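J.:
Numbering (the working numbering), first residue to last: 2 to 239.
1) To the nearest angstrom, report how far apart residue 42 and residue 83 are at their CA atoms.
2) If residue 103 and residue 157 are in contact, beta carbons under 8 Å, what's the gap, nearest whole angstrom?
3) With burial defined as no fewer than 16 other Cβ atoms inside 10 Å of the residue's Cβ, what is the status of residue 217: buried or exposed?
4) Comparing C-alpha positions only, which one of 177, 116, 184 and 112 sits nearest to residue 97?
5) Would you report the Cα separation of residue 166 and residue 137, rounded to the nearest angstrom?
6) Per the contact definition of three or more C-beta pairs closer than 8 Å, is the stretch 140–153 in contact with the stretch 169–176?
7) Between the alpha carbons of residue 197 and residue 155, how many angstroms are there, rounded?
8) Can you check whether the CB of residue 160 is closer than 7 Å to the CB of residue 108?
9) Determine the closest residue to residue 164 out of 194, 91 and 135, with distance taken between C-alpha atoms.
10) Since residue 49 and residue 208 should fall inside the 8 Å C-beta cutoff, what is the C-beta to C-beta distance between them, to a whole number of angstroms?
11) Taking the alpha helix (DSSP H) that residue 179 falls in, what are its first and last residues?
12) Measure from the alpha carbon of residue 91 to the alpha carbon of each residue in 114, 40 and 113, then state which is nearest.
13) Among residues of its own chain, excluding the 5 on either side of residue 147, which ones have a beta-carbon nearer than 7 Å to its beta-carbon?
14) For residue 46, which three-state DSSP category applies?
15) Mind checking which residues open and close the alpha helix (DSSP H) that includes residue 194?
16) Would the beta-carbon of residue 89 fall within 7 Å of that of residue 182?
17) Go ahead and pull the three-state DSSP assignment for residue 51.
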C-alpha cells in the first residue's frame, strides 16, 4: 500500500498514487499534480466538464475525496491548495453550472444529438429517459449526480426530454450541493484516520468500483434482455 498522497515535498502536491490499474488521467493525485499551482482551478474545471460537456471519463468522486484528504492532512510538507470552506462553496457551483450547460445543450439540440445507430447517444434513450422520469419523478436528477457517466448524460437527456426547467433546477441544485460538499467532507473527515491515509490507493479503487457498480448492473440487464429473443427463437425452432 502507499500513503504517498501525504508524502509531498512541495506545496504543488508533488505526490503520486500507486494506482497501476487506472489510466493516468483517472488517478486523482496525478491529475491534480498536472495542474501545478492552478490546482483549485483545475479541480473546478474537471467537475464542470464531467457534469455537462459529454466527457464522462473523469475521476469526479475520487478527485473530490482526494481534495478533502489533502485539506485534512496534518503535515508540514503539504500546504492545502484551498481552505475547506472554499471547496465546499466552489465545487457545488461548478457542478451546478456544468449541469445547466448539459440541460441547455439537450434542450436546444434535442433529438438531433441522438442517432438511431449511435453507440452512446441513441434516440431510444430519449424515450426511455422520458418514461423513466415520468415513472420515478424528478428525484432521478438528484440520484444521477452520484453515478459516474450517468451524471454526465442525465442533464442532457433531461433537456432533450423537455423536463420542466424549474423542476430540473431545484433537484440539480440539491444534488450538486450534497454531492460536491458531501464527497469532499467525506475525504476531509476520513483523511484524519491513519488507516485511510495508509491505504489511500485501495480507497480510490473502492470508490471507483462502487460508483460504476450501478452501470455494470444496467449493462448486464440490457445484455440479458438482448439475449432473450435469441433464446426464445431457439426454443420455438426446437
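C-beta atoms are modelled at their ideal positions from N, C-alpha and C, and glycine is treated no differently. Remember, it's a predicted structure, so these values are computed and weren't measured experimentally.
T.: Taking the coordinates as given:
1) 10 Å
2) 5 Å
3) exposed
4) 177
5) 17 Å
6) yes
7) 32 Å
8) yes
9) 135
10) Residue 49 to residue 208, Cβ: 20 Å. No contact.
11) 166–191
12) 40
13) 180
14) helix
15) From DSSP, residue 194 is part of no alpha helix (DSSP H); its letter is neither H nor E.
16) yes
17) helix
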